[in-house]
């Protein structure tokens, strides 16, 4: 991570430069607590005289840290601006994207190029328990607790698209590269576009499996209409429209770290895979 002290930032799609605000006074110990708090569930076997890891519990791991948001010119925030600023920073209970300002990150430590596109890193967070930083009857900034939804940073979504044949069924292998610090599966959002002609005969089938992971773990949806989009999201067990009822092999596509060879079969215009890679703080 670059030095965030004195950095401008973007929060919820709004730049702090609009109000002349910067980040300051970060609680470094908490901010640098990699992974937040993770509890390992283990079992000790007397015969082997060692602990075996059963699973990790991430439920207490989302990171929280305290920071100050202040006016960059060391002047009080004007009363006329305060309501607008406070509504922007504290007016929503949703997690929102927090980026460091690109101009304050000259070595691009919070970004990297993937397939020729810049992908920036961000925290998905919200500012809680705000306190005004006051002096001489004026407000110079805010002391807040940043509550993040994950012990990892997020990267802007990466998209891979496989193009098929709209007139006949084809089978092909498609390679997806994953480079994530998360030691677990990534479930991409998958958009399937069937071939055929609009209003034509339906009954299209989509079949896929990750040969790098498990070739017997098949994903299959049947009886799809022509020229139709079907969206799958394994993170939340979602399939659009009523196609969950036609999910014959109910396995959502999942990706491993490294190269994934996805085998795809169907009469399809394209299959699009979108996912966010994860990074340690």
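Residue numbers (the working numbering): 21 to 301. We put the beta carbon where it would ideally sit given N, CA and C, even for glycine.
Which residues in the same chain as residue 233 place their Cβ atom closer than 6 Å to its Cβ, once the five residues preceding and following it in sequence are excluded? 276
Could you spell out where the alpha helix (DSSP H) holding residue 101 opens and where it closes? 99 to 110
Best match in 298, 193 and 46 for proximity to residue 291 [C-alpha to C-alpha]: 193
Per DSSP, residue 214 forms a beta bridge with which residues? 288
Using the Cα positions of residue 228 and residue 286, report the straight-line distance between them to the nearest angstrom. 9 Å
Could you name the residues that DSSP lists as bridge partners for residue 234? In the DSSP output, where bridge partners are listed per residue, residue 234 has none listed.
Roughly how many whole angstroms lie between the Cα atoms of residue 195 and residue 282? 6 Å
Using 8 Å as the threshold, is the C-beta distance between residue 148 and residue 164 below it? yes
Compare the Cα-Cα distances from residue 113 to each of 269, 169 and 268 and report the closest residue. 169
Between which two residues does the beta strand (DSSP E) carrying residue 131 extend? 131 to 134
Residue 250: buried (16+ other C-beta within 10 angstroms of its C-beta) or exposed? buried
Could you check whether the stretch 206 to 225 touches the stretch 259 to 277, counting it as contact only if at least three pairs of C-beta atoms, one from each stretch, sit closer than 8 Å? yes
Return the residue from the list 230, 216 and 297 that minimises the CA-CA distance to residue 288. 216
Would you report the Cα separation of residue 259 and residue 116, rounded to the nearest angstrom? 25 Å
With burial defined as no fewer than 16 other Cβ atoms inside 10 Å of the residue's Cβ, what is the status of residue 235: buried or exposed? exposed
Buried/exposed call for residue 200, threshold 16 Cβ in 10 Å: buried
Following the continuous beta strand (DSSP E) through residue 11, name the residue where it begins and the one where it ends. Coverage of the chain is limited to positions 21 through 301, which leaves residue 11 absent and any answer about it impossible.
Boundaries (first-last residue) of the beta strand (DSSP E) holding residue 253: 249 to 253
Compare the Cα-Cα distances from residue 108 to each of 38, 239, 130 and 140 and report the closest residue. 38
Short Cβ contact (8 Å threshold) for residue 293 with residue 180: yes
Going by alpha carbons, who is nearest to residue 44 out of 225, 166, 245 and 300? 166
Three-way DSSP call (helix, strand, coil) for residue 266 in this model: helix
Could you check where the beta strand (DSSP E) with residue 151 kicks off and where it finishes? 137 to 155
Is it buried or exposed for residue 54, if we count other Cβ within 10 angstroms and need 16 for buried? Confidence at residue 54 is low in this model, with a pLDDT of 47, below 50, so the placement of that residue is unreliable and no value is reported for it.
Excluding the five sequence neighbours on either side, which residues of its own chain have a C-beta within less than 6 Å of the C-beta of residue 28, listed in chain order? 36, 37, 42, 121 and 124
Go through its chain and collect everything with a Cβ distance to residue 135's Cβ below 8 Å, but skip five positions before and after it. 178
Tell me whether the beta-carbon of residue 89 lies closer than 8 Å to the beta-carbon of residue 142. no
Is residue 244 closer than 8 Å to residue 334 when the C-beta atoms are compared? An answer regarding residue 334 cannot be provided, because it is not within the stretch 21 to 301 covered by the chain.
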